[in-house]
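All residue numbers for the sequence shown refer to UniProt numbering, where the first residue is 1 and numbers rise by one.
So the structure is just underneath, and the comments pick up after that.
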Amino acid sequence: MPVLVMKFGGTSVATLDRIRRAAKRVGVEVAKGYDVIVIVSAMAGETNKLVGHVEETSPLFDAREYDAVVSSGENVTAGLMALTLQEMDVPARSWQGWQVPVQTTSAHSAARIVDIPSENITRKFGEGMKVAVVAGFQGVSLEGRITTLGRGGSDTTAVAFAAAFDAERCDIYTDVDGVYTTDPRICEKARKLDRIAFEEMLELASLGAKVLQTRSVELAMRYNVKLRVLSSFGEQSDEAGTLVCDEEDIMELNVVSGVAHSRDEAKMTLVSVADRPGIAAAIFTPLSEAGVNVDMIVQNVSDEGRTDMTFSCPTNQVKRAEEALTKAKDSGSINYHDLIADTDVAKVSVVGIGMRSHTGVAAKMFKVLSDEGINIKVITTSEIKISVLIDRKYMELAVQALHDAFELEKAA
Numbered sequence: 001m002p003v004l005v006m007k008f009g010g011t012s013v014a015t016l017d018r019i020r021r022a023a024k025r026v027g028v029e030v031a032k033g034y035d036v037i038v039i040v041s042a043m044a045g046e047t048n049k050l051v052g053h054v055e056e057t058s059p060l061f062d063a064r065e066y067d068a069v070v071s072s073g074e075n076v077t078a079g080l081m082a083l084t085l086q087e088m089d090v091p092a093r094s095w096q097g098w099q100v101p102v103q104t105t106s107a108h109s110a111a112r113i114v115d116i117p118s119e120n121i122t123r124k125f126g127e128g129m130k131v132a133v134v135a136g137f138q139g140v141s142l143e144g145r146i147t148t149l150g151r152g153g154s155d156t157t158a159v160a161f162a163a164a165f166d167a168e169r170c171d172i173y174t175d176v177d178g179v180y181t182t183d184p185r186i187c188e189k190a191r192k193l194d195r196i197a198f199e200e201m202l203e204l205a206s207l208g209a210k211v212l213q214t215r216s217v218e219l220a221m222r223y224n225v226k227l228r229v230l231s232s233f234g235e236q237s238d239e240a241g242t243l244v245c246d247e248e249d250i251m252e253l254n255v256v257s258g259v260a261h262s263r264d265e266a267k268m269t270l271v272s273v274a275d276r277p278g279i280a281a282a283i284f285t286p287l288s289e290a291g292v293n294v295d296m297i298v299q300n301v302s303d304e305g306r307t308d309m310t311f312s313c314p315t316n317q318v319k320r321a322e323e324a325l326t327k328a329k330d331s332g333s334i335n336y337h338d339l340i341a342d343t344d345v346a347k348v349s350v351v352g353i354g355m356r357s358h359t360g361v362a363a364k365m366f367k368v369l370s371d372e373g374i375n376i377k378v379i380t381t382s383e384i385k386i387s388v389l390i391d392r393k394y395m396e397l398a399v400q401a402l403h404d405a406f407e408l409e410k411a412a
């Protein structure tokens, strides 16, 4: 039988009524002739509650026990979903990560999936089971300890299962009805996309769109797993939601497919750094070791052997970055006159694989921002993306103006 993977996020299984609603959707797919693998998250708010219990019990906690505790939320949901399906006379059973087994690395709270052997679940399908309800977000290390994959890990679990079982498709059910050209809460003209290419979705996810977890999109692109994002609360049809697929499966490509934004950005500048070979490594190595996620990087033109180095990072990592760079300065590995942190900025990006074959996108973007009186602080580009840092107070204006300028409310 063909295999379909269905993943339900925390809001989709937040109550017993919502679990019943999700189970009915599963039943519809079983009736179509699919063997279904359902990946479930913990009920909304449950993981945060469990994390709070761990932190209150042990501020300097053992990461292995942390994983044992926080993974339990998914176990509860999996059992409840299986029971609900059984009440509907659908042959189902729950599976915890170690029972599959979902084999992972030993990096507790940030493990990566190594392998998902299909034999156990496939055998049960052969014996008449129609639905395998798998606890997402979790696995088991080579040492036999429970591991978790980090926040959003259930999306990654779902795509990994779709790849391992050669599933026809992986449906991600969430509280939004698809992928939009931009955040509908900011721009009322935002349009739901019927299809979007893996690369575009990956850029949008990494640039601030919260619809899909970045690692899940990377995995889907690597194994060419067709993803469909749709709402748990909307209509159920084969045309619902947004299909994330290979570029070749999209007939008409917009030059720009979406506008992404991230308000939790900070701009940090090292003023008057010695301009010498190895200076970039001397700056960014200690930042990397401190776990600072550096994004945009700009180096000014050298003047009398000194230069300024500017980079962006998440606002919640500014203190960590300051401590790492101060320590590097004190040790003598780098020398700078001042370190300036601007935490009142936002990143706005336009994304589209159509940029590869069209010129003038950057010029148009910069002209639009200029016409709105918005000053650009930092610019970075890639083959299918242009990102700028601007003052945070202009973020919503910039998103709306760019959405209008590239006419994203219109289909290709």
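Ideal placement from N, C-alpha and C gives every residue a C-beta, glycine not left out.
Remember, it's a predicted structure, so these values are computed and weren't measured experimentally.
Residue span of the alpha helix (DSSP H) that contains residue i, given as start and end
i: V368; result: 361-371
i: Q86; result: 72-87
i: R123; result: 119-126
i: G52; result: 46-57
i: S109; result: That residue, S109, is in no alpha helix (DSSP H); it is neither H nor E in DSSP.
i: Y180; result: Careful: Y180 lies outside any alpha helix (DSSP H) and carries neither H nor E.
i: P286; result: 279-289
i: D249; result: Unbroken run through D249: none, as it is neither H nor E.
i: D330; result: 318-331
i: T214; result: 214-223
Beta-carbon gap between residue i and residue j smaller than 7 Å
i: V36; j: V28; result: no
i: M201; j: V244; result: yes
i: D155; j: S231; result: no
i: A401; j: I390; result: no
i: T269; j: T214; result: no
i: V51; j: V70; result: yes
i: V140; j: E265; result: no
i: A44; j: A14; result: yes
i: H108; j: T147; result: yes
i: R185; j: I250; result: no
i: E409; j: R191; result: yes
i: V38; j: V90; result: no
i: A324; j: L369; result: no
i: Q138; j: E74; result: yes
Rounded C-alpha distance that separates residue i from residue j
i: V348; j: A92; result: 45 Å
i: T307; j: T381; result: 22 Å
i: Y336; j: G352; result: 38 Å
i: K126; j: F165; result: Checking the sequence, you will find Gly at residue 126 rather than Lys. Cα-Cα distance, rounded: 14 Å.
i: V259; j: R20; result: 36 Å
i: A197; j: D171; result: 16 Å
i: I374; j: V255; result: 23 Å
i: H261; j: A220; result: 23 Å
i: T181; j: K226; result: 19 Å
i: Q96; j: E188; result: 41 Å
i: G10; j: S331; result: 46 Å
i: V54; j: Y66; result: 6 Å
i: E396; j: R145; result: 45 Å
i: T343; j: G291; result: 18 Å
i: S94; j: G136; result: 11 Å
i: I116; j: V100; result: 7 Å
i: G241; j: L212; result: 13 Å
i: R112; j: L142; result: 12 Å
i: A178; j: R356; result: Checking the sequence shown, residue 178 turns out to be Gly, not Ala. Straight-line Cα distance between these residues: approximately 25 Å.
i: S279; j: K319; result: Reading off the sequence shown, one finds Ile at residue 279, where the question assumed Ser. Answer to the nearest angstrom: the Cα atoms are 21 Å apart.
i: D246; j: N224; result: 7 Å
i: Y394; j: K210; result: 21 Å
i: D338; j: R392; result: 23 Å
Identified DSSP bridge partners for residue i
i: D391; result: V345
i: I35; result: First, the amino acid is wrong: residue 35 is Asp here, not Ile. DSSP, once it has assigned bridges, lists V3 as partnering D35.
i: A92; result: V131
i: residue 430; result: Residue 430 cannot be examined here, being either before or after the span of the chain that is shown, 1 to 412.
i: L243; result: R195, R228
i: Y173; result: F8, L230
i: C313; result: A266
i: R306; result: A274, D303
i: L339; result: L270
i: I374; result: Its beta-bridge partners do not exist; DSSP assigns none.
i: I334; result: Answer is none; I334 lacks a bridge partner.
i: D115; result: Q103
i: I297; result: F311
i: V351; result: G258, K385
i: V40; result: F8, A135
Limits of the unbroken beta strand (DSSP E) element including residue i
i: V259; result: 258-274
i: A197; result: 195-197
i: F406; result: It is not in any beta strand (DSSP E) - F406 carries neither H nor E in the DSSP assignment.
i: T148; result: 146-148
i: G139; result: 138-140
Inter-residue CB distance, residue i and residue j (contact presumed, cutoff 8 Å)
i: T378; j: V361; result: The sequence as given places Val at residue 378; Thr does not occur at that position. Actually they are not in contact, since the Cβ atoms of V378 and V361 sit about 18 Å apart, beyond 8 Å.
i: G354; j: L253; result: 4 Å
i: T174; j: S12; result: 7 Å
i: T104; j: V114; result: 6 Å
i: A274; j: G305; result: 7 Å
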